[in-house]
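Trainee: Let me give you the structure first, and then I'll get to my questions.
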Amino acid sequence: MQRILITGGAGFIGSHTCIKLLKNNYEVYLVDSFVNSSPKVINRISSICNLYNSKLAKNLKVFKGDLKDKGFIENIFSNAKKLGKPIEGVIHFAGLKAVNESVINPLLYWYENMFSSINLVSVMKKYNCNILVFSSSATVYGKEAISPIKENSYLNPSNPYGNTKLTIEKLLSDLYNENQNLWKIACLRYFNPIGAHPSSLIGENPLGTPNNLFPLICNAAIDNNHKLNIFGSDWNTIDGTCIRDFVHVSDVAEGHLKTLEYLIHNKSNILKMNIGTGFGTTVLQLIETFSRINNIKVDYKFSSRRAGDIAEIVADNSLSSSLLNWKPQKSIEEMCVDGWNWKKNNVNGY
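Using my numbering, read the sequence shown as starting at 1 and increasing by one per residue.
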C-alpha cells in the first residue's frame, strides 16, 4: 500500500480526492491548516469510507499545520521514513484561491501560495519523494486564449491568484529541468468544479461570502429575499451571459487519482493538463438547469460586467482524455442535484 500526502486535504477538491485514494487502497496523509476548511470534514470522510468498507478509514492519518512551517513538513516526511514506509507521492492542493481577494491583497497570495509550495518541494527533494500532482488552474490562461483552450494556449493570467499558479508551474518546470531523470510532475489546470459527493456528507463550504457561482446559486435558492447577481447580459454568447466549463468535483478527484497512477507507472516527465468537460454552459443555462432539476426558484438580477471577466472559458480535454483515459462521467444535471443536496442538508456548512 503506497503512502500519499495530500496538502489541503480537507478542502473541497482535496476531501473528494482523499476518498478516491482511500477507496483505491492508498494510505493517505492528510495535511491541512484548517484556516479555510473545517476539521469536521475528517469525520465526514471517515463516514463515507465506512459506506464502502469499514477498514478504509484506518488508512487515513491527519496532520494539522501550516506548510509555511518547513519544520512541520520535515517532521511528517522524517517520521514516515523512520516507520520504514516513506511518502511516495504528493498531491498539492493547499493555497489561497479567491480571485477577487487576490486582487485586493496580492502580497498575501504571493506569500501564502509561493512560500508553502517552495517549502513543500524542498522537503520532497530532501527525502527523495519525486512524484507530485499540483493543483493548478485555468486562470493561468490569458484573455487571448480561444475556447476550447489547449494546454499550449497563451499564458497570461489576469489576476494575482493566477499569477501565483503559473509561477509555481514555472518553478516545477525548473525543478524538473534540473534533473529530468528524477521528477514525475503533473500540473492540472481545472476549470469550474461544482457538485458534491452523492452522500451529501462533503461539498463546497466557502467560509464567509462565496466567490464561486454555484454556492451563490445555492444561497439564492435558500434565501428567497436574496437575488443572485449575474455580471453582464450583453456578452457575445447564446443568451448574453458568460460561458464556463463546469465539471463535477468527483470527476476532478478521479482525474487526480488517474494522474497519480500515470506518474507512478511511467518514466519521469512534467505534464500540464486541462481538467474540464470540454462543454460550455452559460450562467443562465446553469441557473435554469438547477431550478428545473431541483424544482426550486432562483431569483437573479443583471449587473454590469466585472473587470477582467471573459466571455467564454472552455477546456480542450483531449490530452487528459488520451493520456489518462480520463473522461468526465457526471452531467450538468447531476452536478446540480448533488450540489443542491449537499447545500440543503448542510445549510450552515459543516
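C-beta: ideal position from N, C-alpha, C; glycine also.
Please state whether DSSP places residue 120 in a helix, a strand or coil.
Mentor: helix
Trainee: Alpha carbon to alpha carbon, how far is residue 270 from residue 143?
Mentor: 25 Å
Trainee: Based on the DSSP output, what are the partners of residue 29 in its beta bridges?
Mentor: 5 and 61
Trainee: Determine the DSSP secondary structure at residue 100, reduced to helix, strand or coil.
Mentor: helix
Trainee: Could you tell me the alpha carbon to alpha carbon distance between residue 273 and residue 343, rounded to whole angstroms?
Mentor: Here the C-alpha atom of residue 273 lies approximately 30 Å from the C-alpha atom of residue 343.
Trainee: Quickly, what does DSSP pair residue 317 with across the bridge? List them, please.
Mentor: Per DSSP, none; premise fails for residue 317.
Trainee: Could you give the first and the last residue of the continuous beta strand (DSSP E) run that contains residue 214?
Mentor: Not the beta strand (DSSP E): residue 214 falls in the alpha helix (DSSP H), residues 213-222.
Trainee: Can you tell me the Cα-Cα spacing of residue 2 and residue 178, whole angstroms?
Mentor: 26 Å
Trainee: Determine the direct distance from the alpha carbon of residue 205 to that of residue 79, and round the result to whole angstroms.
Mentor: If I take the Cα positions, the gap works out to 32 Å.
Trainee: When you compare each of 47, 212, 9 and 19 to residue 254 by their alpha carbons, which one comes out closest?
Mentor: Put simply, of 47, 212, 9 and 19 the residue whose alpha carbon is nearest the alpha carbon of residue 254 is 19.
Trainee: Relative to the alpha-carbon of residue 65, which residue among 76, 162 and 98 has its alpha-carbon at the smallest distance?
Mentor: Of the listed residues, the one whose Cα sits closest to residue 65 is 76.
Trainee: Is there contact here, the region 320-338 with the region 284-297, by at least three beta-carbon pairs under 8 Å?
Mentor: yes
Trainee: On the DSSP bridge list, what partners appear for residue 193?
Mentor: BP columns for residue 193 point to 247.
Trainee: Is the region 300-310 touching the region 162-180, taking contact as three or more C-beta pairs under 8 Å?
Mentor: no
Trainee: Give me the Cα-Cα distance between residue 234 and residue 300, rounded to the nearest whole angstrom.
Mentor: 16 Å
Trainee: Inspect the beta-carbon positions of residue 138 and residue 189 and report whether they are closer than 8 Å.
Mentor: yes
Trainee: Could you check which residue in 239, 263, 191 and 310 has the C-alpha nearest to that of residue 277?
Mentor: 191
Trainee: Using only CA atoms, which one of 53, 223, 108 and 295 lies nearest to residue 347?
Mentor: 223
Trainee: How far does the beta strand (DSSP E) with residue 297 in it extend, from its first residue to its last?
Mentor: Residue 297 -> no beta strand (DSSP E), and no H or E assigned at all.
Trainee: Would you give the residue range spanned by the beta strand (DSSP E) that residue 335 belongs to?
Mentor: Looking at the DSSP string, residue 335 is not in any beta strand (DSSP E); the run it does join, the alpha helix (DSSP H), is 332-345.
Trainee: As an exercise, report each continuous beta strand (DSSP E) stretch of at least 3 residues that is fully enclosed by the region 118-185, in chain order.
Mentor: At a cut-off of 3 residues, the continuous stretches assigned as beta strand (DSSP E) that sit fully inside the region 118-185 are 131-137.
Trainee: Determine contact between the region 127-134 and the region 88-106, defined as no fewer than three beta-carbon pairs at a distance below 8 Å.
Mentor: yes
Trainee: Residue 264 CB to nearest chain C CB: under 8 Å?
Mentor: Reference to chain C is not applicable here, since this structure consists of a single protein chain.
Trainee: Quick one: give me the first and last residue of the alpha helix (DSSP H) that residue 42 is part of.
Mentor: 40-52
Trainee: Can you grab the Cα-Cα spacing for the pair residue 29 / residue 238, in whole Å?
Mentor: 45 Å
Trainee: How about residue 350 and residue 97: do their beta carbons lie closer than 8 Å?
Mentor: no
Trainee: What's the call for residue 83, buried or exposed, on a 16-neighbour Cβ count within 10 Å?
Mentor: exposed
Trainee: Buried or exposed: residue 55, going by 16 or more other Cβ atoms within 10 Å of its Cβ?
Mentor: exposed
Trainee: In whole angstroms, give me the CA-to-CA distance for residue 351 and residue 24.
Mentor: Any property of residue 351 remains undetermined from this structure, which presents the chain solely from 1 to 350.
Trainee: In the DSSP output, what is residue 281 paired with across the bridge?
Mentor: Answer is 244.
Trainee: In whole angstroms, what is the alpha-carbon distance linking residue 71 and residue 117?
Mentor: Straight-line Cα distance between these residues: approximately 14 Å.
Trainee: For residue 246, tell me which candidate among 81, 313, 182 and 7 has the shortest Cα-Cα distance.
Mentor: Closest option to residue 246, Cα to Cα, is 313.
Trainee: Under 8 Å, do residue 100 and residue 211 count as touching if we go by C-beta distance?
Mentor: yes
Trainee: I need the straight-line Cα distance from residue 262 to residue 129, nearest angstrom please.
Mentor: 16 Å
Trainee: Going by Cα to Cα distance, which pick from 150, 315, 50 and 293 is closest to residue 279?
Mentor: 315
Trainee: Output the distance between the C-alpha atoms of residue 176 and residue 121, rounded to the nearest integer angstrom.
Mentor: So the two alpha carbons sit approximately 11 Å from each other.
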